[in-house]
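Only one structure is covered here, and it is reproduced in the block below.
Residue numbers (this note's numbering): 7 to 309.
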């Protein structure tokens, strides 16, 4: 259902997005190591929910605490049935409580490959696009009591924040770093629940930068949400080399979509990007995740 995938810079609960899962969940004769991409709604609706309208649920299920997910029926049932998924995003926002209010940050994987704008002539590195953040989740399928199309929904598992980002917030998504971790989390037929649970821990391989409070309103869904800012500087300043990769990525992600051009973006000086040395991993690209090795890198707006 490719038509359901649209670019978004500011997603919230109840929105739909790309989720990776074992193909065996949708086709019984498939190998459990095969993967499919499915659009699901954020906010898990358990299969046992009896009302005719999911919006009548009295509790929130957008996030699921790792320390209680085996004790709450909404999550325990699907988890023990192997309904594990990987939620894909460029990154996520988190807000730091400050004396003057809340300061939002954009948090993502360090981008080890340079953008073409920053590559040296003799560099043999190729920029294959933004490395997507891969968050562990649980999904379920709810069917309307009166009949109708089944609704697939998911929740994002959260853990205690890692040391580097704990100053922003005390919780963070459970991030799967590398294809091996993703494979184990998704392959429910070969990797039992208790073994898969060992993958749920704080991630250290994380980068972040502050962004404008423009992102505070879910109505604002444009590239400006992601642009790095310099804290304490009320006026716009000139862009530096360190922000070219971000701006270049934003520009490329807008190709083919009715978003604003790069010239319309605010130019911020990015001195707050925190990029620890990336761990060696085989995150790959979406086509590799789906078992189509050698295909071209997936563009951001396709995810």
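Where is the CB? At the ideal position from N, CA and C, for every residue including glycine.
Since this is a predicted model, take the numbers as computed values, not measurements.
Excluding sequence positions up to five away, which residues of its chain have a Cβ less than 7 Å from the Cβ of residue i?
i: residue 108; result: 101 and 102
i: residue 202; result: 90, 190 and 191
i: residue 231; result: 15, 16, 217, 220 and 221
i: residue 167; result: 175, 176, 177, 178 and 208
i: residue 281; result: Bear in mind that a pLDDT of 40 at residue 281, under 50, signals an unreliable position, so the number given afterwards is only what the model happens to contain. The answer, listed in chain order, is 116 and 213.
Return the bridge partner residues of residue i from the DSSP annotation.
i: residue 162; result: 69 and 143
i: residue 44; result: 25
i: residue 215; result: 112
i: residue 100; result: 111
i: residue 92; result: 26 and 142
i: residue 157; result: 148
i: residue 3; result: This structure does not reach residue 3, given that the chain is present from 7 up to 309, and the question cannot be answered.
i: residue 234; result: 217
Got a sec: is the Cβ-Cβ distance from residue i to anything in chain C below 9 Å?
i: residue 184; result: You won't find chain C in this structure, because it holds only one protein chain.
What is the rounded straight-line gap between the Cα of residue i and the Cα of residue j?
i: residue 66; j: residue 81; result: 12 Å
i: residue 59; j: residue 149; result: 10 Å
i: residue 177; j: residue 157; result: 28 Å
i: residue 289; j: residue 69; result: Here residue 289 scores only 40 on pLDDT, less than 50, and its place in the model is too uncertain to base an answer on.
i: residue 144; j: residue 50; result: 8 Å
i: residue 161; j: residue 8; result: 22 Å
i: residue 24; j: residue 96; result: 11 Å
i: residue 64; j: residue 43; result: 29 Å
i: residue 11; j: residue 210; result: 30 Å
i: residue 54; j: residue 71; result: 20 Å
i: residue 84; j: residue 76; result: 10 Å
i: residue 152; j: residue 34; result: 26 Å
i: residue 169; j: residue 113; result: 14 Å
i: residue 116; j: residue 238; result: 24 Å
i: residue 20; j: residue 118; result: 32 Å
i: residue 146; j: residue 79; result: 12 Å
i: residue 62; j: residue 134; result: 43 Å
i: residue 163; j: residue 197; result: 18 Å
i: residue 45; j: residue 184; result: 22 Å
i: residue 154; j: residue 13; result: 28 Å
i: residue 52; j: residue 41; result: 23 Å
i: residue 73; j: residue 212; result: 22 Å
i: residue 186; j: residue 98; result: 22 Å
i: residue 226; j: residue 233; result: 13 Å
i: residue 106; j: residue 56; result: 44 Å
i: residue 165; j: residue 104; result: 22 Å
Would residue i pass as a contact of residue j if the rule is Cβ separation under 9 Å?
i: residue 205; j: residue 39; result: no
i: residue 235; j: residue 26; result: no
i: residue 86; j: residue 199; result: yes
i: residue 180; j: residue 207; result: yes
i: residue 93; j: residue 140; result: yes
i: residue 224; j: residue 18; result: yes
Should residue i be labelled buried (16 or more other beta-carbon atoms within 10 Å of its own) or exposed?
i: residue 195; result: exposed
i: residue 5; result: No answer is possible for residue 5: the residues shown for the chain start at 7 and end at 309.
i: residue 32; result: exposed
i: residue 182; result: buried
Take residue i and list the residues in its own chain whose beta-carbon comes closer than 6 Å to its own, dropping the five residues that flank it on each side.
i: residue 324; result: Outside the shown range of the chain (7 to 309) lies residue 324, about which nothing can therefore be said.
i: residue 47; result: 22 and 159
Which same chain residues end up closer than 8 Å to residue i when comparing Cβ atoms and leaving out the 5 residues on each side of it in sequence?
i: residue 37; result: 29 and 30
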